[in-house]
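Numbering (the working numbering), first residue to last: 2 to 344.
Beneath this line is the structure, given in structure tokens, with notes to follow.
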Ligand SMILES: [Cu+2]
């Protein structure tokens, strides 16, 4: 009903605009004004000034978005490769901003400065090889540098070389939640299949595969040791999900029927990250809003989210990743039940 009302309002607005144009046409015909269909002096002047106003609006928007939203971007990365992706991201933003700040003011200021004025004639340039070369070669070179640098960074991130074997962790996605499985003492995940899902065996681990017996199934919160490589292996039970760990700059799709992988090294513990001035400031703002709503204070945690709109409760697919010291991780692991113990 509301949608229908909106459509009707839009239709009537269009009708009103059309009628206003008709009226202005008829009145100008009555007044026997310039009827050539070409814009007159006042119209040219107005359009030029409007273009200049648009330039000012764009520049104000540019500064406003940096001041308003800049403090809300992610804090500094908590993984080794994250520093590389962040550098690439900020380099691209810097180049785009410089290009924007040079080209747009020129474009809109010139449109304003050389707006149509009675008696002024525009000079007509048909072609200029030199200009064509300049504005093809410069952006081309910038893109070649950015793309090759980006590709080499991507190859390094996707094929990392670690001094020690990474801890293998499975992330299992389903509508709507995550379950993790740490590969246990042998650091090898046992075979799993959706057909074996039964009772407490929520991941469908094959009971006959010895590799699976020491696997540790974790829900809600998983702990990882700091400065140790981790290899995530993603599976999905139903639709495509996307494992997204924003603070580690990690994201990988979870595809039903396939296993996808991503390896990284978390290099800041959760408690170190809680001391980060930017994190503290952002938390202060979040908690101020929560307080106004009468909600309890929120404490920073690394979080695994789903970044693929996979259904109605997609937004609520979360799991806490706690990065701790190696000692704390070993103690926590000792408390966990293996798959064999849970049978
Ligand atoms: Cu999802």
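We put the CB at the ideal spot given by N, CA and C, even for glycine.
Item                                                                                                              : Value
DSSP-derived helix/strand/coil call for residue 153                                                               : helix
Any non-hydrogen atom of ligand 1 within 7 Å of residue 259 CB                                                    : no
Beta strand (DSSP E) segments (min. 3 residues) lying fully within the region 191 to 220                          : 217 to 219
Residues near residue 353 by beta carbon distance below 6 Å, same chain, minus five either side                   : Nothing about residue 353 can be read from this structure; the chain reaches only from 2 to 344.
Residue 181 beta carbon near ligand 1 (any heavy atom closer than 7 Å)                                            : no
Three-state class that DSSP yields for residue 23 in the structure shown                                          : helix
Pair within 8 Å by beta-carbon distance, residue 212 and residue 187                                              : yes
Between the CA atoms of residue 103 and residue 97 - distance to the nearest angstrom                             : 10 Å
Boundaries (first-last residue) of the alpha helix (DSSP H) holding residue 262                                   : No alpha helix (DSSP H) holds residue 262; the beta strand (DSSP E) holding it covers 261 to 265.
Whole-angstrom C-beta distance between residue 177 and residue 317, which should lie under 8 Å                    : 6 Å
Bounding residues of the beta strand (DSSP E) (the contiguous stretch that carries residue 244)                   : 242 to 246
Whole-angstrom C-beta distance between residue 52 and residue 113, which should lie under 8 Å                     : 5 Å
Simplified DSSP assignment, three categories, for residue 257                                                     : coil
Run of the alpha helix (DSSP H) containing residue 176, from where it starts to where it stops                    : Careful: residue 176 lies outside any alpha helix (DSSP H) and carries neither H nor E.
Environment of residue 235 [buried if 16+ CB atoms lie within 10 Å]                                               : buried
Any non-hydrogen atom of ligand 1 within 7 Å of residue 309 CB                                                    : yes
The beta strand (DSSP E) enclosing residue 56, as first and last residue numbers                                  : Looking at the DSSP string, residue 56 is not in any beta strand (DSSP E); the run it does join, the alpha helix (DSSP H), is 42 to 70.
Option nearest residue 249 by Cα separation, candidates 302, 240, 241                                             : 302
Residue 116, buried or exposed, once every other Cβ within 10 Å from all chains shown has been counted against 16 : buried
Limits of the unbroken alpha helix (DSSP H) element including residue 340                                         : 340 to 343
Cβ contact check for the region 218 to 226 and the region 320 to 339: 3 or more pairs under 8 Å                   : yes
Candidates 120, 23, 197, 155: closest to residue 252 by CA position                                               : 155
Proximity to residue 247 [Cα-Cα], best of 268, 231, 308                                                           : 308
Between the CA atoms of residue 311 and residue 198 - distance to the nearest angstrom                            : 21 Å
Heavy atom of ligand 1 within 7 Å of residue 59 beta-carbon                                                       : no
Check: residue 2 C-beta below 7 Å from any heavy atom of ligand 1                                                 : no
Coil, strand or helix - residue 271 by DSSP                                                                       : helix
Between the CA atoms of residue 127 and residue 61 - distance to the nearest angstrom                             : 35 Å
Ligand 2 heavy atom lying under 7 Å from the CB of residue 174                                                    : Judged by which ligands are present, ligand 2 is missing from the structure shown, whose ligands are ligand 1.
C-beta contact flag for residue 231 and residue 170 at 8 Å                                                        : yes
DSSP-derived helix/strand/coil call for residue 232                                                               : strand
Contacting residues, own chain, Cβ-Cβ under 6 Å from residue 240 (five flanking each side not counted)            : 311
Distance CB(residue 224)-CB(residue 323) smaller than 8 Å                                                         : yes
Those residues which DSSP pairs with residue 1 across a bridge                                                    : Outside the modelled stretch of the chain, which goes from 2 to 344, sits residue 1, for which no answer is possible.
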